[in-house]
Each structure stands twice: as structure tokens, then as C-alpha cells.
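Q: Each residue of the sequence shown is one higher than the last, beginning at 79 in the numbering used here.
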Amino acid sequence: MIPYGRQDITRADIDTVVEVLESDFLTQGPVVPRFEQAVADYCGADHGVAVNSATSALHLACRALGLGQGDWLWTSPITFVASANCGLYCGARVDFVDIDPRNYNLCPRALEAKLERAETENRLPKVVVPVHLCGQSCDMQAIHELSRRCGFHVIEDASHAIGGKYQGEPIGNGRYSDITVFSFHPVKIVTTGEGGMAVTNDAGLAERMSLLRSHGITRDPALMTHEPDGPWYYQQIELGYNYRMTEMQAALGLSQLQRLDDYVARRNELAERYDRELSDLPVTTPWQHPDAYSARHLYVIRLRLDEIRTSHRAVFESLREQGIGVNIHYIPVHTQPWYRAMGFEPGDYREAERYYAEAISLPMFPTMTEAQQDQVIAAIRGAIRG
79 MIPYGRQDIT RADIDTVVEV LESDFLTQGP VVPRFEQAVA DYCGADHGVA VNSATSALHL
139 ACRALGLGQG DWLWTSPITF VASANCGLYC GARVDFVDID PRNYNLCPRA LEAKLERAET
199 ENRLPKVVVP VHLCGQSCDM QAIHELSRRC GFHVIEDASH AIGGKYQGEP IGNGRYSDIT
259 VFSFHPVKIV TTGEGGMAVT NDAGLAERMS LLRSHGITRD PALMTHEPDG PWYYQQIELG
319 YNYRMTEMQA ALGLSQLQRL DDYVARRNEL AERYDRELSD LPVTTPWQHP DAYSARHLYV
379 IRLRLDEIRT SHRAVFESLR EQGIGVNIHY IPVHTQPWYR AMGFEPGDYR EAERYYAEAI
439 SLPMFPTMTE AQQDQVIAAI RGAIRG
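As C-alpha cells, then:
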């Protein structure tokens, strides 16, 4: 089976992790801060806060921005559920903004129209979470301008997008957002096994996220309610979580980060080859905005079903039967039972639902060979012919 994604672990990665295993610290040592600084420097941001998953990073970002009861978080319906769940974790209400039919990201025009309606109903969002689907940035300048007009915070869900660029600058530099979140899951661009990070230019937000990731506990006397009892003393000043990243994860991340640009370049080479080889088939290949350089976490085709004599499901199952590990990214969040129970219905976000009915994610990983890619292409041709 050719998987849709696969991590690349080298001897150097293994040696780096073994070095930590043989050191004095497995957690809360010097490697996590080094990894945080390395990612922040790569992105051109001031601060990085490493955690055990991108879901945790989204939750901390929402908490740091003060999202809570009575507030609204808006995001895209085409994303993993964590982009919406992070609002629910804070007691906020969640709503969605339909996608752009070309790049499948949150649509700024749909956002503007929804904001105009929400303003008349006094239900403007406190936080908007644009999701850089497949690694291509949303139109962050347009979203930022709307945030300034309507007063909401912006968290970029860049779980797919480390190594990508927007307007020639690294995703994560914070030019158009308060906080950016990355994922280091094994199928992502670089991996720490599990893990995530929030980057920001705001020292106060970084400090609060750092506090919350470790139970809300501080050893800083300046933050305590009274003088410490002694050098052993700590205080819990917030209700936080155990969201810390380990030293082994950070060491793997530091090693992987050295190959980040090469990984993204290879993913783009594979994407361009898919574009060429699939151009004569009744499929729509990914459109790239001229302002964006995608990290190419995913390569999603859309079947032109009106030109194909077989169904979306039949094509998917045929590819799986031929040993091609295709996947679907994603089932629209508003159609999940948990969200249906909140009142969302099929038909609420028509572009998202059209996308879901046609989309298939093809294998894409930096160690993929041309022979493997040729096998995928041949299987698609056979599956479409039925």
C-alpha cells in the first residue's frame, strides 16, 4: 500500500533522540526551548510555545486570547474537527464560514458577508480560525483587514503549512494574525512524533500559553500572590493543563527542521508532476493562488462526476483495492453528529459539501519515488474508467 503520507526518519534523527535519552533531561530540559526558538526564527516570529499536539496549541491560543462563555469562534467547515473543537473547550459557541471554491480555504467574501449579518444581530466572533488547507495560505491580508474592521482576533491554523509562504514571507510570521499554530504529527511536513507549536509576536500571549501548558503553575515570584515560602515554592495561579512537549520530541523536531525546505521543495515537485500527468483526466487539480507558496501537505483532486460514469465512492474504493492509500480531507465538520446536535444541517455550507462529494487526497510525501507516483496515476486512470 502506498500511503497518503509518511514520515521520513533518518539516522541523524535517531542519533539526536538517543543523545537526549542518554542525557539528564527527558522533559523540561534545554532542548524544547531550543526547538521553540528555531521554529520562531524560521518563521520570523518572536516567540514559540511547544506543546504535545496542534490541538493543544489551538486550545491554548483560544484561552490566551480570552475566548470564553458567550463568545463565538468561526472557522472553516473543511478542516479537522480540532479547529472548531478548540472553541468548545473554552465554553464558546462555534460557527462556520464557507470555503472558496478554488483553493478550498475559508472564503474572505463569505466571511465579509457573514460578518455584516452578524453585526446586525450582535453576534460578531471573538476569534476567527482560518485553516491553511493542504499547506496553502488563506488570503490573510483580506482576513486581517476584516479583523481590524470588526474587532476579532485571528488564529492561523497552519497545521498543514510550516515551510509555506504567503506574499513571499514565511507562514507564521504574524503579520496578519495574533497566533499561528503548527502540527508535527507524523504525516505532516516535519514531525516530532506527536506535537505542535504556537508562534506569536506578542510576549504576553506567549507567556500565558506557556503558563497554561503546565497546569497554570509558576515559580516566578513576580507572578505570585505572596512571597515564596522558600526556593522549592511554586503557585498555581491559573487552571491549566499538562500540554508539555518532551525533550525527545523536540530533539526530533530540531533534526527534522534542517530538512524542512528540502521536504517542501520535493512536495512541490511531486505536485507539479501530478498536475502534468493528470491534466487529460476528468479531475480538477489543486489551484494555487499567486500570493501563496504551498507547503503541499496534501494533494487533493476533485472528480468531475458529470464526466465520469462511476461514483466518488467507487473511485475511492478502486484506488484502495489497487494498493493506493488515498484518503478524504475532510468530512465537513458541521455534518458530524456532535455538531448536528447543535443545530447544523446538511446544506448549510454548500461549497464545503460540494467539495466533500468530489475530493480525494492522493499520496504525497517527500520520499515518494516517481515509480510510486506512476503507480498512483495509472490506478487513477483505471479507477475513473471503472
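Each residue gets a CB set at the ideal place from its N, CA and C atoms; glycine is no exception.
#1: To the nearest whole angstrom, what separates the beta carbons of leucine 383 and serine 439, a pair I think is in contact under 8 Å?
#2: Looking at the secondary structure, which residues open and close the alpha helix (DSSP H) in which valine 96 lies?
#3: In the DSSP assignment, the alpha helix (DSSP H) including alanine 220 goes from what residue to what residue?
#4: What are the start and end residues of each continuous beta strand (DSSP E) run of 3 or more residues lying completely inside the stretch 331–385, in chain order?
#5: Whose CA, out of Gly318, Leu330 and Phe443, lies closest to the CA of leucine 97?
#6: Counting only the same chain and skipping the five closest in sequence on each side, list residues whose C-beta sits under 6 Å from that of threonine 388.
#7: Starting from alanine 419, trace the beta strand (DSSP E) in both directions and tell me its first and last residue.
#8: Quick one: measure Cβ to Cβ for isoleucine 221 and alanine 373, integer angstroms, because I've assumed they're closer than 8 Å.
#9: Identify, in the order they occur along the chain, each residue of the same chain with its Cβ nearer than 8 Å to the Cβ of glycine 425, setting aside the five sequence neighbours on each side.
#10: Name the DSSP beta bridge partners of alanine 437, please?
#11: Pull up the distance between the alpha-carbon of cysteine 121 and that of proline 248, whole angstroms please.
#12: At the level of alpha carbons, what is the spacing between cysteine 212 and glutamate 305?
#13: Out of curiosity, what's the CA-to-CA distance linking glutamate 347 and serine 333?
#14: Start and end of the beta strand (DSSP E) containing leucine 151?
#15: Thinking just about the alpha-carbon of each residue, which of Ala449, Arg141, Ala191 and Pro441 is nearest to the one in valine 265?
#16: Taking C-alpha atoms, which residue in Gln219, Ser215 and Ser225 lies nearest to lysine 192?
#17: Express the C-alpha separation of threonine 258 and tyrosine 341 in angstroms, rounding to a whole number.
#18: Would you mind reading off the limits of the alpha helix (DSSP H) that contains alanine 160?
#19: Can you give me the C-alpha to C-alpha distance between alanine 236 and aspartate 173, rounded to a whole angstrom?
#20: Of all the CB atoms in chain D, is at least one closer than 8 Å to the CB of proline 186?
#21: Nearest to alanine 118 by CA position, among Glu199, Ala284, Gln219 and Ser154, is which residue?
#22: Using CA coordinates, which residue listed in Pro410, Leu151, Pro186 and His390 is at the minimum distance from alanine 461?
#23: On the DSSP bridge assignment, give the partners of proline 81 in chain order.
#24: Give the range of the beta strand (DSSP E) segment to which arginine 171 is assigned.
#25: Among residues of its own chain, excluding the 5 on either side of threonine 445, which ones have a beta-carbon nearer than 6 Å to its beta-carbon?
#26: When burial is assigned at 16 or more other CB atoms within 10 Å of the CB, is glutamate 114 buried or exposed?
#27: Strictly by DSSP, which residues pair up with proline 248?
#28: Out of Gly252, Tyr167 and Met302, state which residue places its alpha-carbon closest to the alpha-carbon of alanine 123.
#29: Hey, could you find the ends of the alpha helix (DSSP H) aspartate 119 is sitting in?
#30: Bridge partners of arginine 234, per DSSP?
#31: Quick one: Cα of glutamate 399 to Cα of threonine 447, how far?
#32: With a threshold of 7 Å (Cβ to nearest heavy atom), would proline 108 be considered close to the ligand FMN?
#33: In chain order, what residues of the same chain lie with their CB nearer than 8 Å to the CB of glutamate 385, ignoring the 5 residues before and after it?
#34: For alanine 392, tell me which candidate among Ala457, Gln366 and His412 has the shortest Cα-Cα distance.
#35: Can you tell me whether DSSP reads histidine 390 as helix, strand or coil?
#36: Kindly indicate the opening and closing residues of the alpha helix (DSSP H) around methionine 287.
A: In short, the structure shows the following:
#1: That pair is no contact at about 17 Å.
#2: From DSSP, the alpha helix (DSSP H) with valine 96 extends over 89–99.
#3: Here the alpha helix (DSSP H) through alanine 220 covers 218–228.
#4: Given a length threshold of 3 residues, each whole run of the beta strand (DSSP E) inside the stretch 331–385 is given here in chain order: 377–381.
#5: Note on residue identity: the sequence assigns glutamate, not leucine, to residue 97. The residue with the shortest Cα to Cα distance from glutamate 97 is Leu330.
#6: Taken in chain order, the residues that qualify are Gly464.
#7: No beta strand (DSSP E) contains alanine 419, which DSSP labels as neither H nor E.
#8: Contact between isoleucine 221 and alanine 373 does not hold, since the beta-carbon distance rounds to 19 Å and is not under 8 Å.
#9: Cβ within range, chain order: Glu431.
#10: For alanine 437, which the question treats as bridged, DSSP gives the partners Arg380.
#11: Cysteine 121 and proline 248 have their C-alpha atoms some 5 Å from each other.
#12: Cysteine 212 and glutamate 305: Cα-Cα distance of roughly 50 Å.
#13: Using only the alpha carbons, I get a separation of about 23 Å.
#14: In the DSSP assignment, leucine 151 falls within the unbroken beta strand (DSSP E) covering 150–153.
#15: If we check each option's Cα against that of valine 265, Pro441 comes out closest.
#16: Per the Cα distances, Ser225.
#17: CA-to-CA, the gap between tyrosine 341 and threonine 258 works out to about 21 Å.
#18: Per DSSP, the continuous alpha helix (DSSP H) segment holding alanine 160 begins and ends at 160–167.
#19: Straight-line measurement puts the Cα of aspartate 173 at about 19 Å from the Cα of alanine 236.
#20: The structure shown contains no chain D, having only a single protein chain.
#21: The shortest C-alpha separation from alanine 118 is found at Ala284.
#22: Distances from the CA of alanine 461 to each of Pro410, Leu151, Pro186 and His390 were compared; the closest alpha carbon is that of His390.
#23: Per DSSP, Gly403.
#24: Going by DSSP, arginine 171 is part of the beta strand (DSSP E) stretching over 171–174.
#25: These residues qualify, in order along the chain: Asp86.
#26: Its Cβ being crowded by 16 or more others within 10 Å, glutamate 114 is buried.
#27: The partner list for proline 248 (beta bridge, DSSP) reads Lys243.
#28: Out of Gly252, Tyr167 and Met302, Gly252 has the C-alpha closest to the C-alpha of alanine 123.
#29: Per DSSP, aspartate 119 belongs to the alpha helix (DSSP H) from 109–121.
#30: Just to set this straight, residue 234 is glutamate in the shown sequence, not arginine. Glutamate 234 is bridged to Thr258.
#31: Each residue's Cα considered, the two are about 20 Å apart.
#32: This structure lacks the ligand FMN, and indeed carries no ligand of any kind.
#33: Sequence-distant Cβ neighbours of glutamate 385 in its own chain, meaning closer than 8 Å and more than five residues away, are Pro360.
#34: Distances from the CA of alanine 392 to each of Ala457, Gln366 and His412 were compared; the closest alpha carbon is that of Ala457.
#35: Here DSSP, grouped into helix, strand and coil, assigns histidine 390 to helix.
#36: Residue range 281–290 is occupied by the alpha helix (DSSP H) that includes methionine 287.
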